[in-house]
């Protein structure tokens, strides 16, 4: 792992695109240092079937937020780094002060109230409200070590770090699978509802949390049915542990053959799920973009290794941060439903951000 950290630091120094990741439950750390000229940029998820590589997709694809793919066959070694010039400054944005819009507790609660009012007026059933937090006291040069801490503390998460000159340096440990395939089987997951993990054998879920998760499951069922997939299995909802939090989780499986040559199109219908956006998707997306007051960029997007002919492991980009020369940005959000209490929604984001802060303190 020390060797990989050294490679990451050298890649950051020379501006070489890379992805480093570990799958849930696995000790093996995978890495892909990519020829900068080989990075693929696309705006269409349906085109994914044509590619094999590590995918990094935003929450909302638009002109300034494309999908990036680091091709598996564009791997380069450290000797190849020498042809690049060291970067002068690590900052995907020219001015982080204009990029960071850190909300106060009062403003976040006000936005929850805007959501609740809009629900009554429009019939939107759920929308996810997020925020970011700027921490100026962390140097980029120490962030690569965070991967080791995340891998140790979150063995059941997809732990990753990725750098692209166009979008900067991201690192996280996400518990939420978006889509995977293995041995002819395809899997997707409905994960929603959040509670702090306490010393108890029995987790009690209230009506709001149960309904929030069921809306995600209903959306996934609807997507499956739209592809004429009716013979899927469903397991859950069950309580799933993710670090110091628990969520409600339902696993849905079906034959990969059902979406042969249409995997990209399927993912396009699946993302963003109500777990990170809302329901109905179009209306909740519009509400989020109008209300949140900042650009999520690749937070609540998805990422992971993608090979349609072999295996796919795509995860929703949660529990993550974006690193700069002069600090880091932490992200967190929560699902808002008509039963939501504004103060509790702020507290949920505070706990999620605090989780990452505690790990940062160890490096």
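Numbering (the working numbering), first residue to last: 184 to 546. Where a beta carbon is used, it is the ideal one built from N, C-alpha and C, also for glycine.
Opposing strand residues paired with residue i [DSSP bridges]
i	result
residue 214	203
residue 340	Residue 340 is not bridged to any residue.
residue 433	373
residue 356	342
residue 258	217
residue 322	In DSSP, residue 322 forms no bridge with anything.
residue 351	347
residue 438	368
Buried/exposed call for residue i, threshold 16 Cβ in 10 Å
i	result
residue 537	exposed
residue 541	exposed
residue 409	exposed
residue 217	buried
residue 190	buried
residue 226	exposed
residue 344	buried
residue 545	exposed
residue 245	exposed
residue 380	exposed
residue 240	buried
residue 232	buried
residue 392	buried
residue 315	buried
residue 319	exposed
residue 492	exposed
residue 411	exposed
Span of the beta strand (DSSP E), counted from its first residue to its last, around residue i
i	result
residue 421	416-425
residue 377	368-379
residue 511	510-519
residue 362	360-365
residue 534	Note, residue 534: premise wrong, no beta strand (DSSP E); alpha helix (DSSP H) at 525-543.
residue 316	309-318
residue 251	250-254
residue 503	503-507
residue 223	223-225
residue 497	495-499
residue 236	236-240
Residue i: first and last residue of the uninterrupted alpha helix (DSSP H) it sits in
i	result
residue 449	446-453
residue 405	390-409
residue 297	288-305
Using 8 Å as the cut-off, can you tell me whether the region 327-342 makes contact with the region 415-429, which would need three or more C-beta pairs spanning the two stretches below that distance?
yes
Whole alpha helix (DSSP H) elements within the region 450-492, 4-residue minimum
464-474
Determine contact between the region 294-307 and the region 460-474, defined as no fewer than three beta-carbon pairs at a distance below 8 Å.
yes
So does the region 394-402 actually touch the region 452-469, counting three or more Cβ pairs closer than 8 Å?
yes
Do three or more CB pairs link the region 472-482 to the region 390-400 at distances below 8 Å?
no
Counting Cβ pairs, one atom from each stretch, are 3 or more of them under 8 Å apart for the region 407-422 and the region 431-440?
yes
Within the chosen definition, does the region 305-324 reach the region 517-524 through at least 3 CB pairs nearer than 8 Å?
yes
Report yes or no: do three or more beta-carbon pairs, one from the region 503-515 and one from the region 358-368, lie closer than 8 Å?
no
Quick check: the region 526-534 against the region 496-505, are there 3 or more CB pairs under 8 Å?
no
Does the count of Cβ pairs from the region 243-259 and the region 354-366 closer than 8 Å reach three?
no
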